[in-house]
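Participant:
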Amino acid sequence: MTEKERVVDSSNFIRNIIEEDISSNKNDGKVVTRFPPEPNGYLHIGHAKSICLNFGLAQRYNGKCHLRFDDTNPETEKVEYIEAIKEDVKWLGFDWGDNLFYASDYFDKLYELAIDLIKQGKAYVCSLEADQIRETRGTLTEPGIESPYRYRSVEENLELFERMRQGEFPEGSHVLRAKIDMASPNMNMRDPVIYRIKKVSHHRTGDKWCIYPMYDYTHCISDALEGITHSICTLEFEDHRPLYDWVLEQVDLGCHPQQIEFARLNLSYTVMSKRKLLRLVEGGYVSGWDDPRMPTIAGIRRRGYTPEAIRDFCERIGVAKNNSIVDIALLEHCVREDLNQKAPRVMGVLEPLKVVIENYPEGQVEMVEALNNPNDPDSGTRMVPFSREIYIERDDFMEDPPKKFHRMSPGKEVRLRYAYIVECTKVVKDEQTGEILEVHCTYDPETRGGAAPDGRKVRGTIHWVSAADCIDAEVRLYNNLFTKENPDEVEDEEGTFLDNINPESLVVLKGCKLEKSLLEAEIGKAYQFERQGYFCKDKDSTEERTVFNRIVPLKDSWAKIASNK
RNA sequence: UGGGGUAUAGCCAAGUCGGUAAGGCACAGGACUUUGACUCCUGCAUUCCCUGGUUCGAGUCCAGGUACCCCAGCCA
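Those letters in the first sequence? Residues 106 to 670, by the working numbering.
1) Let me know if T246 comes out buried or exposed under the rule of 16 or more other beta-carbons within 10 Å of its beta-carbon.
2) Rounded to whole angstroms, what is the Cα-Cα separation between D213 and A153?
3) Just to confirm my understanding: we take V112, look at its own chain, exclude 5 residues before and 5 after, and list those with CB closer than 6 Å. What are they?
4) Which residues in the same chain as Y639 place their Cβ atom closer than 6 Å to its Cβ, once the five residues preceding and following it in sequence are excluded?
5) Assuming P400 and L435 are in contact, meaning their beta carbons sit under 8 Å apart, how far apart are those beta carbons, in whole angstroms?
6) Per DSSP, what kind of secondary structure is L358 in: helix, strand or coil?
7) State the DSSP-derived secondary structure class of N669, mapped to helix, strand or coil.
8) Short of 6 Å in beta carbon distance, which residues of its chain neighbour D395, apart from the five on each side in sequence? Order them along the chain.
9) Nearest to V671 by CA position, among T334, E463, G226, T588, is which residue?
10) Return helix, strand or coil for A329, following the three-state DSSP convention.
11) Under the rule that 16 or more other beta-carbon atoms within 10 Å means buried, what is N121, buried or exposed?
12) Do F199 and the ligand GTP come close, with the Cβ less than 8 Å from some heavy atom?
13) Within the continuous alpha helix (DSSP H) that includes R282, where are the two ends?
14) Give the range of the beta strand (DSSP E) segment to which I576 is assigned.
15) Would you identify the three-state DSSP class for G134, choosing helix, strand or coil?
16) Give me the DSSP bridge partner(s) of N654.
17) Here's a check: name, in chain order, each residue in its chain whose Cβ is nearer than 8 Å to the Cβ of N145, leaving out the five neighbours to either side.
18) Buried or exposed, going by whether 16 or more other CB atoms sit within 10 Å of the CB of Y256?
19) Going by Cα to Cα distance, which pick from N293, G332, Q271, Y317 is closest to G168?
20) Beta-carbon within less than 7 Å of I576's beta-carbon, same chain only, minus the 5 sequence neighbours each way: which residues are those?
21) Count Cβ pairs between the region 587 to 594 and the region 537 to 548 that sit closer than 8 Å; are there 3 or more?
22) Which term fits K224, buried or exposed, when burial requires 16 or more other beta carbons within 10 angstroms of its beta carbon?
23) One question on the structure: do Y548 and Y525 come within less than 9 Å of each other, judged by their Cβ atoms?
24) Quick one: what does DSSP say M319 is sitting in, helix, strand or coil?
25) Please state whether DSSP places R520 in a helix, a strand or coil.
26) So, at 6 Å on beta carbons, what are the nonlocal neighbours of H545 in its own chain, with the 5 sequence-adjacent residues on each side left out?
27) At the level of alpha carbons, what is the spacing between A573 and Y166?
28) Looking at the unbroken alpha helix (DSSP H) that takes in R221, where does it start and where does it end?
29) DSSP has Q364 in a bridge; who is on the other side?
30) On a CA-only basis, which of M472, N478, F602, H307 is nearest R636? Give me that one, please.
31) Check this for me: beta carbons of Y583 and R398, under 9 Å apart or not?
32) For V424, write down the residues that DSSP places opposite it in a beta bridge.
33) Let's test the definition: count the other Cβ atoms within 10 Å of the Cβ of S155 and tell me whether it reaches 16, buried, or not, exposed.
34) Short check: CB of L215 to CB of T310, under 9 Å?
35) Since G272 contacts C315 with CB under 8 Å, what's their CB separation in whole angstroms?
36) Given this structure, state the Cα-to-Cα distance separating L158 from N204, to the nearest angstrom.
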């Protein structure tokens with residue numbers, strides 16, 4: 106383990122539990138976890154926390170982590186999601202090996218065990234309608250009322266359940282319920298439904314079944330069948346733990362995993378629930394599940410975030426039972442830290458301003474040598490064309506600059522990175538509007554490469570691109586999707602999180618001028634545009650059109666100073 | 001007014017047997033700088049939700065409060 110890794114290697118309560126279990130030789134010292142998504146949507150960074158936790162624990166303790174699709178509700182699930190989820194888990198850098206499972210693999214066994222429960226008198230077919238079941242469940246403060254069907258004979262239950270399976274009854278006419286305690290203060294224990302009739306075909310089992318088991322019944326048994334030792338889930342399942350344990354005690358599979366709950370991830374300035382994410386997509390507020398502003402794994406990947414950064418982030422946020430909202434700045438920090446190490450540097454001008462170097466020979470082009478990554482001595486150099494007409498960033502020129510402005514302004518010297526030291530001699534403006542059209546400079550031929558042989562100090566260094574030798578691009582700048590740390594905080598009662606969408610979450614820049622070497626950039630590969638941020642080519646790029654995404658901007662202490670004025 | 005949880009800095013979060021508050025992010029200074037980036041220094045909780053109690057000693061133990069989150073799907 107390197108020094109850096111040790112820094113973020115902090116313990117958490119789950120690791121403590123597992124370490125105690127290992128030292129007491131519980132489960133023969135083995136650790137088997139699982140990541141159990143329902144294939145009814147795309148994964149987001151909250152799932153990444155769970156994936157990193159479960160797979161990470163397995164790695165750390167030489168165990169295994171299964172990928173298991175919790176596919177018990179065919180109405181909402183699709184194979185398309187299964188494929189997307191697998192891809193996301195792989196992209197994050199985890200490997201389930203042979204341990205790919207589906208709850209639907211266990212439908213036969215689950216059915217068999219349900220019959221067992223009936224025979225034990227622990228489950229019964231209830232013929233109440235859905236709202237009758239709801240009405241008799243009681244409230245948070247009042248106990249429920251027992252179903253009139255609660256004491257049906259074992260024979261009758263067996264027969265009815267079999268007929269449910271055969272498809273003899275319409276949806277909603279009967280369910281199988283566990284017989285526990287209608288007066289339990291825990292609502293989950295008030296004779297929960299464990300099987301319901303759904304006459305829909307399943308994406309894996311086809312039309313074999315028309316009854317499907319419920320989560321509470323399925324999940325614990327699936328865990329036990331797979332020999333899971335630690336079944337880690339989020340806080341809202343804490344109330345379900347007694348039911349998890351109850352089911353396993355009744356069926357006795359010789360394995361009783363321990364359910365442990367932790368707090369799900371919330372991030373500032375974004376939303377994480379499947380429902381809200383779906384609304385953003387369906388309402389056209391974003392371009393799709395992989396819109397680079399989305400906190401989905403697909404969005405994050407397209408944006409250019411790296412799996413390494415995500416894993417580091419998940420390590421740093423820790424694991425606890427506290428409801429919390431993590432500052433998105435931490436995620437961005439992790440992305441910058443990772444990209445700073447590996448992203449090749451390049452020059453790109455986002456909002457171009459033409460500069461003419463008056464004393465530079467017309468038509469001359471010379472190649473200047475630039476470092477690919479000053480922070481990585483092994484990254485080598487590249488040659489960048491320089492000529493009489495170049496573009497610089499509009500922000501890097503001010504006709505009448507404030508005190509600490511170290512960039513280009515009339516009469517002041519500034520360095521063009523890797524090229525020459527220049528001095529602004531003239532500003533050309535539109536006579537009508539006063540807009541600055543171009544700037545003229547002279548260069549000092551003695552300063553090739555940017556060094557001053559006489560040792561004179563030049564504070565500012567700016568990036569540039571040769572006008573005749575650059576590519577035109579569209580650059581998409583992304584900002585927080587919402588204007589509020591907590592998007593659910595709305596002004597008036599009628600409002601929703603959608604009212605807090607940041608109108609500047611996407612800013613499209615056209616006519617950006619990029620260093621020619623970017624022509625061959627592969628989609629998704631991160632580059633640092635020096636002094637700007639990290640960018641990657643977007644999949645929307647074509648032969649005719651180059652599109653880059655801004656992954657994350659560089660920190661900008663000048664912007665802070667300037668905005669304080 | 002039932003049950004289950006959680007409270008340590010602006011945001012995360014560690015804190016085993018009670019021994020005198022880790023770390024990261026953010027923020028603020030400074031150094032360095034051919035990226036106002038990076039890196040490097042420095043600062044940032046006399047106090048752990050509150051009130052009592054036990055103790056030589058309490059974030060840790062005890063008692064009583066308070067605040068917030070979750071639960072009444074034939075969703076997971």
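No residue lacks a Cβ here, since even glycine has one placed at the ideal position from N, Cα and C.
Facilitator: To lay it out plainly:
1) Position 141 of the first sequence, counting from 1, holds the residue named residue 246. Its Cβ having fewer than 16 others within 10 Å, T246 is exposed.
2) For the purposes of this step, residue 213 is taken as the residue at position 108 of the first sequence. For the purposes of this step, residue 153 is taken as the residue at position 48 of the first sequence. The straight-line gap from Cα to Cα measures roughly 31 Å.
3) Counted from its first residue, the first sequence places residue 112 at position 7. Low per-residue confidence applies at V112: pLDDT is 44, beneath 50, and the placement is therefore not dependable, though the value from the model is reported in the following sentence. If we look at V112 and ignore the five residues flanking it on each side, it has no Cβ neighbours.
4) For this step, residue 639 is matched to residue 534 along the first sequence. For Y639, where only same-chain residues beyond five positions count, the Cβ hits under 6 Å are L444, A448, A631, Q633, I656, V657.
5) The sequence position of residue 400 within the first sequence is 295, counting from 1. The sequence position of residue 435 within the first sequence is 330, counting from 1. Between L435 and P400 the Cβ distance is about 14 Å, and since that is not below 8 Å, they are no contact.
6) For the purposes of this step, residue 358 is identified with residue 253 of the first sequence, where counting begins at 1. If DSSP states are grouped into helix, strand and coil, L358 belongs with coil.
7) Reading the first sequence from its first residue, position 564 is the one you call residue 669. It is coil, neither helix nor strand.
8) For this step, residue 395 is matched to residue 290 along the first sequence. Counting only Cβ-Cβ distances below 6 Å, and skipping sequence neighbours, we find A403, G404, R407.
9) Residue 671 cannot be examined here, being either before or after the span of the chain that is shown, 106 to 670.
10) Locating residue 329 in the first sequence gives position 224, where the first residue counts as 1. Reduced to three states, the DSSP call for A329 is helix.
11) In the first sequence, counting from the first residue as 1, residue 121 sits at position 16. Classification of N121: exposed, given that the 10 Å Cβ count is below 16.
12) The ligand GTP is absent from the structure shown, which contains no ligands of any kind.
13) On the first sequence, position 177 is the one that residue 282 refers to. Segment 280 to 283 is the beta strand (DSSP E) holding R282; no alpha helix (DSSP H) there.
14) Against the first sequence, residue 576 aligns to sequence position 471. 575 to 583 is the span of the beta strand (DSSP E), which, as asked, contains I576.
15) Locating residue 134 in the first sequence gives position 29, counting from the first residue. Helix.
16) In the first sequence, residue 654 corresponds to position 549, counting from 1. Its beta-bridge partners are R581, C641.
17) As a first step, residue 145 is located in the first sequence; it is residue number 40 there, counting from the start. Cβ neighbours of N145 beyond the five flanking positions: N178, T181, E182, K183, Y186, K379.
18) Working through the first sequence from its first residue, we reach residue 256 at position 151. Exposed, since its Cβ has fewer than 16 Cβ neighbours within 10 Å.
19) As a working note, residue 168 is residue 63 in the first sequence. If we check each option's Cα against that of G168, G332 comes out closest.
20) What you label residue 576 is simply residue 471 of the first sequence in a count that begins at 1. Same-chain partners within the cutoff: L619, K621, L623, L624, T651.
21) no
22) Position 119 of the first sequence, counted from the first residue, corresponds to residue 224. K224 comes out exposed.
23) Along the first sequence, read from residue 1 onward, the residue named residue 548 stands at position 443. Along the first sequence, read from residue 1 onward, the residue named residue 525 stands at position 420. Their beta carbons are under 9 Å apart, which means Y548 touches Y525 by this criterion.
24) Start at 1 with the first residue of the first sequence, and residue 319 comes out as number 214. Coil at M319, not helix or strand.
25) The residue labelled residue 520 in the question sits at position 415 within the first sequence. Here R520 sits in strand by DSSP.
26) Here residue 545 refers to the residue found at position 440 of the first sequence. Once the five neighbours on either side are set aside, the close Cβ partners of H545 are V461, E463, T530, K531.
27) Looking up residue 573 in the first sequence gives position 468. Looking up residue 166 in the first sequence gives position 61. Straight-line Cα distance between these residues: approximately 58 Å.
28) Taking the first residue of the first sequence as 1, we reach residue 221 at position 116. First, the amino acid is wrong: residue 221 is Asp here, not Arg. Here the alpha helix (DSSP H) through D221 covers 212 to 224.
29) In the first sequence, counting from the first residue as 1, residue 364 sits at position 259. DSSP output for Q364 lists S336 as bridge partner(s).
30) What you label residue 636 is simply residue 531 of the first sequence in a count that begins at 1. R636 has its Cα closest to that of N478, out of M472, N478, F602, H307.
31) Against the first sequence, residue 583 aligns to sequence position 478. Against the first sequence, residue 398 aligns to sequence position 293. In this structure, R398 lies closer than 9 Å to Y583 by Cβ.
32) Position 319 of the first sequence holds residue 424. Answer is none; V424 lacks a bridge partner.
33) Stepping through the first sequence from its first residue, residue 155 is reached at position 50. It counts as buried.
34) Position 110 of the first sequence, counting from 1, holds the residue named residue 215. Position 205 of the first sequence, counting from 1, holds the residue named residue 310. No, these two residues do not count as a Cβ contact at 9 Å.
35) If you number the first sequence from 1, residue 272 lands on position 167. If you number the first sequence from 1, residue 315 lands on position 210. Right, their Cβ atoms sit about 5 Å apart.
36) Translated into positions along the first sequence, residue 158 becomes position 53. Translated into positions along the first sequence, residue 204 becomes position 99. Rounded to the nearest angstrom, the two C-alpha atoms are 17 Å apart.
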